[in-house]
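54 is the number that the numbering used here gives to position 30 of the sequence shown; each next residue is one higher, with no gaps. Positions of the beta carbon are idealized from the N, C-alpha and C atoms, including for glycine. Here the structure is a predicted model, which is why all the values come from computation and not from measurement. Notes follow the structure.
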Amino acid sequence: MTKKQRESTAKYLYDISKGIALLAIVGDFVKEKHNILIIISGLIATVVFFVWAYTLEGEGNG
Numbered sequence: 025m026t027k028k029q030r031e032s033t034a035k036y037l038y039d040i041s042k043g044i045a046l047l048a049i050v051g052d053f054v055k056e057k058h059n060i061l062i063i064i065s066g067l068i069a070t071v072v073f074f075v076w077a078y079t080l081e082g083e084g085n086g
């Protein structure tokens with residue numbers, strides 16, 4: 025993967041992370057009834073995609 029491809033993929037994964045956080049976590053708080061499973065799974069998915077992007081972004085610097 026070239027440096028530009030890594031950067032683009034990392035940005036895409038960061039955006040996915042933000043989207044999941046918005047939909048699963050923030051979206052659930054808008055409802056009157058909270059679903060703890062959705063909140064936890066959304067939080068886990070957000071962290072996984074963020075760490076994946078962070079790791080991918082760091083590969084070009086080493």
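Each residue's CA atom was taken as its position, placing I49 and M25 some 33 Å apart. DSSP, reduced to helix, strand and coil, places E31 within a helical segment of the structure shown. Taking the C-beta atoms as reference points, T70 is found nearer than 8 Å to A45.
The continuous stretches of alpha helix (DSSP H) do not include T26, and DSSP gives it neither H nor E.
Closest in alpha carbon position to K42, among L67, E83, F53, is L67.
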